[in-house]
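Residue numbers (full-length UniProt numbering), protein chains in the order written: chain S, 1 to 204; chain H, 1 to 204; chain X, 1 to 204; chain U, 1 to 204.
All C-beta atoms, glycine included, are put in the ideal place defined by N, C-alpha and C.
Keep in mind the model is a prediction, meaning the values are calculated, not measured.
There are 4 protein chains.
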Amino acid sequence: MNNDAAKSALIETGKWVSQRGWVPATGGNFSIRTQTGFVVTASGYDKGHLAFEHFLELDTDGKVISGQGKPSAETALHLKLYQLVPQTSCILHTHSVAATVLSRFETSNVLSINGYEMQKSLSGIHSHQTPLEVAVFDNDQDIERLAERVAEYHQQSPILHAVLIRGHGLYALGNSVSETRRHIEGLEFLFACELERIKLESTK
Amino acid sequence: MNNDAAKSALIETGKWVSQRGWVPATGGNFSIRTQTGFVVTASGYDKGHLAFEHFLELDTDGKVISGQGKPSAETALHLKLYQLVPQTSCILHTHSVAATVLSRFETSNVLSINGYEMQKSLSGIHSHQTPLEVAVFDNDQDIERLAERVAEYHQQSPILHAVLIRGHGLYALGNSVSETRRHIEGLEFLFACELERIKLESTK
Amino acid sequence: MNNDAAKSALIETGKWVSQRGWVPATGGNFSIRTQTGFVVTASGYDKGHLAFEHFLELDTDGKVISGQGKPSAETALHLKLYQLVPQTSCILHTHSVAATVLSRFETSNVLSINGYEMQKSLSGIHSHQTPLEVAVFDNDQDIERLAERVAEYHQQSPILHAVLIRGHGLYALGNSVSETRRHIEGLEFLFACELERIKLESTK
Amino acid sequence: MNNDAAKSALIETGKWVSQRGWVPATGGNFSIRTQTGFVVTASGYDKGHLAFEHFLELDTDGKVISGQGKPSAETALHLKLYQLVPQTSCILHTHSVAATVLSRFETSNVLSINGYEMQKSLSGIHSHQTPLEVAVFDNDQDIERLAERVAEYHQQSPILHAVLIRGHGLYALGNSVSETRRHIEGLEFLFACELERIKLESTK
Numbered sequence: 001m002n003n004d005a006a007k008s009a010l011i012e013t014g015k016w017v018s019q020r021g022w023v024p025a026t027g028g029n030f031s032i033r034t035q036t037g038f039v040v041t042a043s044g045y046d047k048g049h050l051a052f053e054h055f056l057e058l059d060t061d062g063k064v065i066s067g068q069g070k071p072s073a074e075t076a077l078h079l080k081l082y083q084l085v086p087q088t089s090c091i092l093h094t095h096s097v098a099a100t101v102l103s104r105f106e107t108s109n110v111l112s113i114n115g116y117e118m119q120k121s122l123s124g125i126h127s128h129q130t131p132l133e134v135a136v137f138d139n140d141q142d143i144e145r146l147a148e149r150v151a152e153y154h155q156q157s158p159i160l161h162a163v164l165i166r167g168h169g170l171y172a173l174g175n176s177v178s179e180t181r182r183h184i185e186g187l188e189f190l191f192a193c194e195l196e197r198i199k200l201e202s203t204k
Numbered sequence: 001m002n003n004d005a006a007k008s009a010l011i012e013t014g015k016w017v018s019q020r021g022w023v024p025a026t027g028g029n030f031s032i033r034t035q036t037g038f039v040v041t042a043s044g045y046d047k048g049h050l051a052f053e054h055f056l057e058l059d060t061d062g063k064v065i066s067g068q069g070k071p072s073a074e075t076a077l078h079l080k081l082y083q084l085v086p087q088t089s090c091i092l093h094t095h096s097v098a099a100t101v102l103s104r105f106e107t108s109n110v111l112s113i114n115g116y117e118m119q120k121s122l123s124g125i126h127s128h129q130t131p132l133e134v135a136v137f138d139n140d141q142d143i144e145r146l147a148e149r150v151a152e153y154h155q156q157s158p159i160l161h162a163v164l165i166r167g168h169g170l171y172a173l174g175n176s177v178s179e180t181r182r183h184i185e186g187l188e189f190l191f192a193c194e195l196e197r198i199k200l201e202s203t204k
Numbered sequence: 001m002n003n004d005a006a007k008s009a010l011i012e013t014g015k016w017v018s019q020r021g022w023v024p025a026t027g028g029n030f031s032i033r034t035q036t037g038f039v040v041t042a043s044g045y046d047k048g049h050l051a052f053e054h055f056l057e058l059d060t061d062g063k064v065i066s067g068q069g070k071p072s073a074e075t076a077l078h079l080k081l082y083q084l085v086p087q088t089s090c091i092l093h094t095h096s097v098a099a100t101v102l103s104r105f106e107t108s109n110v111l112s113i114n115g116y117e118m119q120k121s122l123s124g125i126h127s128h129q130t131p132l133e134v135a136v137f138d139n140d141q142d143i144e145r146l147a148e149r150v151a152e153y154h155q156q157s158p159i160l161h162a163v164l165i166r167g168h169g170l171y172a173l174g175n176s177v178s179e180t181r182r183h184i185e186g187l188e189f190l191f192a193c194e195l196e197r198i199k200l201e202s203t204k
Numbered sequence: 001m002n003n004d005a006a007k008s009a010l011i012e013t014g015k016w017v018s019q020r021g022w023v024p025a026t027g028g029n030f031s032i033r034t035q036t037g038f039v040v041t042a043s044g045y046d047k048g049h050l051a052f053e054h055f056l057e058l059d060t061d062g063k064v065i066s067g068q069g070k071p072s073a074e075t076a077l078h079l080k081l082y083q084l085v086p087q088t089s090c091i092l093h094t095h096s097v098a099a100t101v102l103s104r105f106e107t108s109n110v111l112s113i114n115g116y117e118m119q120k121s122l123s124g125i126h127s128h129q130t131p132l133e134v135a136v137f138d139n140d141q142d143i144e145r146l147a148e149r150v151a152e153y154h155q156q157s158p159i160l161h162a163v164l165i166r167g168h169g170l171y172a173l174g175n176s177v178s179e180t181r182r183h184i185e186g187l188e189f190l191f192a193c194e195l196e197r198i199k200l201e202s203t204k
């Protein structure tokens with residue numbers, strides 16, 4: 001994908017994500033792998049009203065080669081994920097209530113979700129009996145350090161679809177914009193189910 | 001109804017269902033009984049943006065007679081339900097958080113709902129004191145086997161309005177598109193009420 | 001208000017109520033007091049898509065003087081409320097999850113709400129320390145009998161803003177369409193708060 | 001900002017706030033500091049459909065210098081907050097379910113929120129480990145007295161982003177309309193998370 005096509009795709013995606021309430025208060029950031037490196041949203045803009053001037057073009061090492069504004073501090077995590085998971089073409093980082101709360105409720109480093117048909121919306125999962133495992137990392141304002149922890153974890157348990165940052169939000173990966181969007185929709189549905197299921201089961 | 005009218009009705013219905021959040025991540029599938037058999041959605045498309053090319057025409061045995069793409073694996077369950085419940089003209093399969101979570105919370109094979117005026121939105125129910133019973137089946141990736149279990153159950157307790165698949169979603173039936181839509185709306189309202197009622201009662 | 005103006009006002013109101021999800025599955029019914037009696041919605045239509053032909057004109061005794069279709073069985077309750085509360089000009093009957101669930105949780109015949117600034121959105125209430133009391137009646141498929149119970153209750157405790165029918169929904173009253181709409185919005189906000197407050201307090 | 005620009009900005013903001021459900025039943029009020037004093041919404045209008053005639057122009061002492069209608073009783077609190085926090089240019093007072101319920105659940109005079117990346121949406125907060133503290137005041141129909149309590153509190157613990165009135169709602173402050181809107185979005189996200197987190201933790 002070329003840089004302009006990538007920006008257009010993320011402008012449209014931003015509207016879609018914003019309508020669902022998953023990027024409040026200028027939160028979140030989006031990227032697409034392009035022919036020359038990456039396109040990523042600049043920091044501080046409303047993701048529901050993006051325009052071409054709200055993007056930066058980066059080379060494969062993360063150096064800004066075009067565009068104004070500040071790259072989000074979390075750009076380092078996008079780059080790390082593209083390096084670790086080569087088939088990834090699009091990364092969407094969102095903030096939903098369900099993802100944020102579940103990532104705090106789960107105190108281990110893996111959120112495991114099982115028994116839902118919707119797990120099959122994640123690529124490579126073909127049964128509700130195949131647990132969906134999402135790594136959960138403690139939040140860290142030092143993004144380089146956080147990226148290193150993600151890399152270390154990946155050596156043991158390869159990251160496939162997504163990463164949760166505790167109390168922070170979701171990074172969803174996919175081999176295309178539409179796959180990443182489908183992964184977010186599937187994951188957010190499952191997070192919403194788990195929130196309700198946990199509360200309901202506690203009444204028994 | 002002819003095949004083209006059926007597709008148009010399901011395109012419109014898809015927008016309606018999608019706006020309510022009940023077919024996330026390309027989930028769900030829809031069908032209508034036609035003069036020549038059935039029209040059913042092909043697998044893998046966003047149900048909020050359907051077009052004529054996203055449908056398959058099947059004969060009464062479920063053999064594809066027109067259309068491209070893969071019929072959903074769950075087509076076998078649509079066919080079985082049309083055979084079992086002859087007055088059925090439209091089947092909508094949806095994934096809502098409430099239906100999914102309640103179907104897991106209910107560990108028996110019947111979800112019984114009572115005491116709500118809204119039960120009267122289901123055809124044939126004329127009082128809040130007539131329990132609404134919805135069969136719940138364990139999910140199964142072998143759809144033929146699942147369809148057989150539905151058929152066996154139906155011999156004992158006829159299926160009327162809907163079937164829940166545990167951790168999976170809702171199949172709603174009706175004698176017209178509008179009746180099936182009304183059944184989904186009534187059922188989803190009741191599921192949402194039950195979720196809240198159970199949590200609230202547990203505080204007593 | 002004349003009959004046509006009343007129908008137009010209720011068509012617009014129906015869209016507004018429907019967008020908020022308070023009249024699912026053709027539920028609910030609306031009326032306005034007119035120069036010649038009452039205008040009321042006919043039974044069985046989607047309240048978000050009303051047209052002139054979906055209304056009946058009734059005289060002050062509830063006899064149909066114009067219009068096709070069946071008056072809702074609940075028309076008798078509208079008439080009784082207009083008789084009991086003379087300043088009432090518009091009655092909107094809605095089905096929300098919060099109203100339905102709270103009316104079942106509250107087992108007495110009064111739901112009392114206190115401590116919210118939003119109580120002041122109900123006419124005649126000027127402080128959060130003035131309890132808002134809403135009568136709750138057991139549901140009954142015999143509407144005439146239900147209407148009689150409402151009348152008896154009113155002799156003891158005058159009905160001011162609204163009535164809840166247990167497991168059924170809300171009847172909101174006002175001296176104009178806009179007042180009744182404001183009453184519904186205020187009441188639904190308070191019901192939603194109470195649902196959350198009760199669950200939250202139970203965690204202490 | 002001049003008075004007309006302020007009114008236009010608040011008309012647009014009113015639509016935005018209303019769509020999110022945070023100003024039901026004509027609740028809420030908005031203001032902007034202008035060259036000649038303040039512009040504030042008049043009492044009793046739907047904040048989602050504001051027009052120029054729904055605003056009052058006040059001088060810096062709160063005296064009405066232009067406009068019809070009644071200034072909201074809460075105008076006194078807007079004025080006090082502008083005096084106490086000089087960098088404030090826009091104040092939005094809203095009523096959400098989450099803010100209202102949390103302000104009652106928290107029985108002390110400070111709601112402290114910690115561990116969320118979203119805290120950084122509030123100006124001056126740069127880490128999820130910097131607690132966000134929002135003062136909570138008991139509701140009072142005597143707004144002058146309430147404003148005095150706010151002033152007293154501010155001497156001890158300066159008010160930065162927002163104030164909660166118990167069972168009533170949120171006053172959000174910012175140095176521009178867009179900052180106040182971002183503060184509201186960030187705060188409402190955090191309130192919604194806290195509601196869910198508290199319920200979820202209680203199941204452990």
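Considering only the beta carbon of each residue, do residue i and residue j sit closer than 9 Å?
i, j, result
"Gly51 (chain H)", "Glu144 (chain H)", "Before going on, a small fix: residue 51 (chain H) reads as Ala here, not Gly. Contact flag unset, no."
"His78 (chain S)", "Val40 (chain S)", "yes"
"Gln141 (chain H)", "Thr130 (chain H)", "no"
"Thr60 (chain H)", "Phe38 (chain H)", "yes"
"Val85 (chain X)", "His154 (chain X)", "yes"
"Ala25 (chain H)", "Lys70 (chain H)", "no"
"Leu92 (chain X)", "Val136 (chain X)", "no"
"residue 206 (chain S)", "Asn175 (chain S)", "There is no way to answer for residue 206 (chain S), as the model of chain S reaches only from 1 to 204."
"Phe189 (chain S)", "Gly27 (chain H)", "yes"
Where does residue i fall in DSSP's three states?
i, result
"Asn175 (chain U)", "coil"
"Pro71 (chain S)", "strand"
"Glu106 (chain U)", "coil"
"Leu195 (chain X)", "helix"
"Ser202 (chain U)", "coil"
"Leu50 (chain S)", "coil"
"Met1 (chain U)", "coil"
"Ser127 (chain X)", "coil"
"Leu160 (chain X)", "coil"
"Trp16 (chain U)", "helix"
Let me check one thing: in DSSP terms, what residues is residue i bridge-paired to?
i, result
"Cys90 (chain X)", "X:Ile32, X:Gly174"
"Thr41 (chain H)", "H:Phe55"
"Phe137 (chain X)", "X:Ile165"
"Leu111 (chain H)", "H:Val134"
"Val64 (chain H)", "H:Leu58"
Using a beta-carbon distance below 9 Å, is residue i in contact with chain S?
i, result
"Phe30 (chain H)", "no"
"Gln129 (chain U)", "yes"
"His54 (chain H)", "no"
"Leu200 (chain U)", "yes"
Taking only beta-carbon positions, decide if residue i is within less than 9 Å of chain H.
i, result
"Lys15 (chain S)", "no"
"Leu111 (chain S)", "no"
"Gly44 (chain S)", "no"
"His126 (chain X)", "no"
"Leu77 (chain X)", "no"
Counting only beta-carbon atoms, is residue i nearer than 9 Å to chain U?
i, result
"Arg149 (chain S)", "no"
"His168 (chain S)", "yes"
"Phe189 (chain X)", "yes"
"Ala135 (chain S)", "no"
Beta-carbon of residue i versus every beta-carbon of chain X: anything under 9 Å?
i, result
"Pro24 (chain U)", "yes"
"Ile165 (chain U)", "yes"
"His154 (chain H)", "no"
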